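This report refers to the structure that appears directly beneath it.
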Amino acid sequence: QLSTYQTMRTQVRGIIESTQAEKNSLDEMIQKGQAVLNENGFTDRASVDAYLNSCEDQYDKYMEAEQKYAKKSRIVFSTLALVLAAAGAGISAFLGITFANRFLPVCVALAGLAVVLIICGLIGFSRERHWKQVSDELRKGLSERLGKHLGDSTVSYEAMEVFRSRMAEFTRLCDMVSQSEATVKQFMEDINSLQEKQNSCSEMIEQQQRYQWELEKKLERLNVCRTKARELKRVLAENDRIREEIDAIDLAQETMTGLSASIRNSFGLYLNKEASRLVEGITGGIYDSMSIDENLNVFLNTKTKLVPLDQVSSGTMDQVYLALRLAAARLLQGEKESFPLIFDDSFAQYDDERLQSALNWLAKAYGGQIIIFTCHRREVNLLRAGGIDFQEIRM
Numbered sequence: 003q004l005s006t007y008q009t010m011r012t013q014v015r016g017i018i019e020s021t022q023a024e025k026n027s028l029d030e031m032i033q034k035g036q037a038v039l040n041e042n043g044f045t046d047r048a049s050v051d052a053y054l055n056s057c058e059d060q061y062d063k064y065m066e067a068e069q070k071y072a073k074k075s076r077i078v079f080s081t082l083a084l085v086l087a088a089a090g091a092g093i094s095a096f097l098g099i100t101f102a103n104r105f106l107p108v109c110v111a112l113a114g115l116a117v118v119l120i121i122c123g124l125i126g127f128s129r130e131r132h133w134k135q136v137s138d139e140l141r142k143g144l145s146e147r148l149g150k151h152l153g154d155s156t157v158s159y160e161a162m163e164v165f166r167s168r169m170a171e172f173t174r175l176c177d178m179v180s181q182s183e184a185t186v187k188q189f190m191e192d193i194n195s196l197q198e199k200q201n202s203c204s205e206m207i208e209q210q211q212r213y214q215w216e217l218e219k220k221l222e223r224l225n226v227c228r229t230k231a232r233e234l235k236r237v238l239a240e241n242d243r244i245r246e247e248i249d250a251i252d253l254a255q256e257t258m259t260g261l262s263a264s265i266r267n268s269f270g271l272y273l274n275k276e277a278s279r280l281v282e283g284i285t286g287g288i289y290d291s292m293s294i295d296e297n298l299n300v301f302l303n304t305k306t307k308l309v310p311l312d313q314v315s316s317g318t319m320d321q322v323y324l325a326l327r328l329a330a331a332r333l334l335q336g337e338k339e340s341f342p343l344i345f346d347d348s349f350a351q352y353d354d355e356r357l358q359s360a361l362n363w364l365a366k367a368y369g370g371q372i373i374i375f376t377c378h379r380r381e382v383n384l385l386r387a388g389g390i391d392f393q394e395i396r397m
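Residue numbers (this note's numbering): 3 to 397.
Here it is, written out as structure tokens:
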């Protein structure tokens, strides 16, 4: 759905851009057309039609005035009337002067007729001058209009035909501007509709992206839960393994406890007896016996009391531990076998007297092989001084 809405929004954006480009082109055409109309004093088709009708009416009036001005009969009549008036006035004056009052009525009649003829002639010339003035004014107005739009101020039928063609062009230009404005208006409506559709697509995309984000978060939580589940499975498996080990350890501890009690009961007395015999020989008779309780606490026996091992010197403590190890070794290996005894700087705490006594006792009491690792020359010197057979290996 997100991909579909994104594709739809891209298509709508492309349509908006193409429609906007067409609208911009029409806007440019409208601006140019309106500039031409404004330059010629027009705003719309009605103004062009009104201007053309005004010019047509002015031309018709001009032609009418030209026709009336161009009538020769009126000029002839006016001229004849003035001539006859002059003749009548002359005859009347002649008769009056020549015959005195004899032709007075005739003179009066001729004078009145002359006056009437003069008035008629003057009226005729006045009408002629009026139509001439009207024609000139109309021709001047038409000349200005024709000169403005045609570049030629000559008033003629041909010029009016060209003028009508020119006005027809302005009319078509107004129609084009009006049609373009209507198209632009439709484009604006289409663009607004497309923008609404684009906004709707953007809202849907945003909503789908929010859904996608929520789904990704859920997937992340699921992955975390899956990881935790695997870890818990490992923990549970490890717990099972540890539980099995604990059970095994508990069983081993019970077994060891039972064996320890059995061993303690079986050879504890022997270990005490053998260790006491050995400690008497190692210490040169200073301590003739020792005892080990069930908690492995060691005590040395004197004639007056039991001495805990932690109250004796470190040299004596090392002698006691040596006696214990030898007693345990004899217990483990039995009477028939003699395992090698290995000492690795085991006599570091011994003084020379104790060391000499221990070496002499070991050489006499133990029949098996004895290996002594040491970084000192003291053991070699004491073995030689005691006449004990040995082999020295330097490393």
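By construction, the Cβ of each residue, glycine as well, lies at the ideal position given by its N, Cα and C atoms. Quantities reported herein were computed from a predicted structural model and do not represent experimental measurements.
Our contact map puts residue i next to residue j with C-beta atoms below 8 Å; I'd like the distance itself, whole angstroms only.
i	j	result
MET169	LEU54	4 Å
LEU333	GLY370	At roughly 15 Å, the Cβ-Cβ gap does not stay under 8 Å, so LEU333 and GLY370 are not in contact.
VAL300	TYR289	Going by Cβ atoms, the distance from VAL300 to TYR289 rounds to 11 Å, so no, they are not a contact pair.
VAL226	LEU28	Between LEU28 and VAL226 the Cβ distance is about 59 Å, and since that is not below 8 Å, they are no contact.
GLU58	PHE189	About 37 Å; that fails the 8 Å criterion.
ALA360	TYR368	The Cβ separation is near 11 Å, so there is no contact.
GLU381	PHE349	7 Å
Quick check: residue i and residue j, are their CB atoms within less than 8 Å of each other?
i	j	result
THR285	THR259	no
SER316	ASN303	no
PHE392	ASP347	no
LEU328	LEU357	no
ILE17	GLN197	no
LEU144	GLN60	yes
ALA277	ALA325	yes
TRP363	GLY287	no
LEU261	ALA330	no
Would you tell me roughly how many angstroms separate the C-alpha atoms of residue i and residue j, rounded to the nearest one?
i	j	result
THR12	THR21	14 Å
ASP46	LEU39	8 Å
GLU394	VAL314	33 Å
THR6	GLY35	43 Å
ASP252	LYS366	45 Å
VAL164	ASN26	34 Å
SER202	ALA184	27 Å
GLU218	GLN200	26 Å
PHE172	ARG212	58 Å
GLN181	ARG147	28 Å
GLN8	GLN214	14 Å
ASN42	MET10	48 Å
GLU30	ALA37	10 Å
CYS377	ASP320	18 Å
TRP271	ASP295	Position check: residue 271 holds Leu in this sequence, whereas Trp was assumed. Rounded to the nearest angstrom, the two C-alpha atoms are 10 Å apart.
LEU298	TYR323	12 Å
ILE207	LEU224	25 Å
SER167	ALA161	10 Å
ASN194	GLU205	16 Å
ASP312	ALA239	47 Å
LYS235	ALA250	22 Å
ARG15	SER49	40 Å
ASP51	PHE44	10 Å
GLU246	ALA254	12 Å
ASP354	GLY389	16 Å
ARG279	LYS305	16 Å
ILE244	LYS220	35 Å
MET397	LYS275	39 Å
ILE436	PHE345	The structure shown does not extend to residue 436, since the chain spans only 3 to 397, so no value can be given for it.
SER291	VAL237	55 Å
GLY149	THR156	8 Å
GLU216	ALA231	22 Å
SER264	GLN335	19 Å
ASN241	GLU222	28 Å
ARG228	THR257	42 Å
I need the boundaries of the beta strand (DSSP E) containing residue i, first residue and last residue.
i	result
LEU1	The shown model of the chain, from 3 to 397, leaves out residue 1, and the question about it has no answer.
SER316	Note, SER316: premise wrong, no beta strand (DSSP E); alpha helix (DSSP H) at 316–335.
ASN362	Taken as a continuous stretch (DSSP letters only), ASN362 belongs to no beta strand (DSSP E), being part of the alpha helix (DSSP H) at 354–367.
PHE375	372–375
ILE340	According to the sequence displayed, residue 340 carries Ser and not Ile. SER340 -> no beta strand (DSSP E), and no H or E assigned at all.
ASN303	300–303
ILE294	291–294
LEU311	Neither: LEU311 is in no beta strand (DSSP E) and is coded neither H nor E.
Under DSSP, the alpha helix (DSSP H) around residue i begins and ends at which residues?
i	result
LEU384	380–387
From the beta carbon of residue i, is the nearest beta carbon of chain C less than 8 Å away?
i	result
GLY283	Among the protein chains of the structure shown there is no chain C, as only one such chain exists.
Within 7 Å: the Cβ of residue i and any heavy atom of the ligand FMN?
i	result
TRP363	In terms of ligand content, the structure shown is empty, and the ligand FMN therefore cannot be addressed.
- Task: Starting from the N-terminal side, write out each stretch of the alpha helix (DSSP H) that is 4 residues or longer and does not extend beyond the region 191–254.
- Result: none
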